[in-house]
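Visitor:
Quick look at the structure:
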């Protein structure tokens, strides 16, 4: 709906801008992009606060350290702030320079842990729209894959598979929208990498979840009134400019 509103705003402002141009007003301060922005802000606003805590995996609580392999460290479940693994499993973090990111390991030989899971619980408003984004990268092979879901969401409650990272050292970005549950405020963001014996794992970083607020939906009548108002203003300024010459 947000995209539809923006497209309609551009169309109305295109018409309005044509009428302004027909008046040959050299010093007009109202431009197409300015009008489009104002129109869109009348109907849509976004809250940019990230609802995911420690989405960059930079904060680790004291203790909980298990093992280090130089570039990666293994932590007890609960030691990486706000993130959980479930079933008392481990969480593995890698460090490159000053940047830390999580691994969904798929090459773990322990019989105690096969599927690697990262999850975080968030409280969302009923029936509200949200934008989910995160970065991901294959650990070693171009056939890596992992899954994610947002439990209780209306569109992403089932597992979604990502396997399109063809370049090994390239970070990719996922962006998607979903609607929160109509009856439950508790939602859980889950990442999962299965140990199938043929892959190594995936990296996850910069996880973000933000609310998208739609303040109103413009009806066809309101769009027409907006366009006619802008056209009328254009004629008025054209006439005023003619009288002054």
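Residue numbers (my numbering): 9 to 253. For glycine and all other residues, C-beta sits at the position ideal for the given N, C-alpha and C.
#1: Please classify residue 134 as buried or exposed, where buried requires at least 16 other C-beta atoms within 10 Å of its C-beta.
#2: For the stretch 63-121, list the beta strand (DSSP E) runs that are entirely contained and at least 3 residues long, ordered along the chain.
#3: Distance, Cα to Cα, residue 75 vs residue 221?
#4: Rounded C-beta distance between residue 195 and residue 168? I'm assuming under 8 Å.
#5: What three-state label does DSSP hand residue 138 in the structure shown?
#6: Report, in whole angstroms, the separation of the C-beta atoms of residue 197 and residue 217, which I expect to be a contact under 8 Å.
#7: Give the C-beta separation of residue 131 and residue 92 to the nearest angstrom, bearing in mind that I take them to be a contact with Cβ-Cβ under 8 Å.
#8: Measuring straight from C-alpha to C-alpha, what distance separates residue 166 and residue 73?
#9: Please name the residue or residues paired with residue 183 in a DSSP beta bridge.
#10: On the premise that residue 163 lies in contact with residue 207, defined as a C-beta separation below 8 Å, what is that separation, rounded to the nearest angstrom?
Guide: In this structure, then:
#1: exposed
#2: 73-76, 80-84, 98-104, 107-113
#3: 44 Å
#4: Actually they do not touch by this definition, with Cβ atoms about 15 Å apart.
#5: strand
#6: 7 Å
#7: 15 Å between Cβ atoms; not a contact.
#8: 33 Å
#9: 141
#10: Contact doesn't hold; Cβ gap of about 27 Å is too wide.
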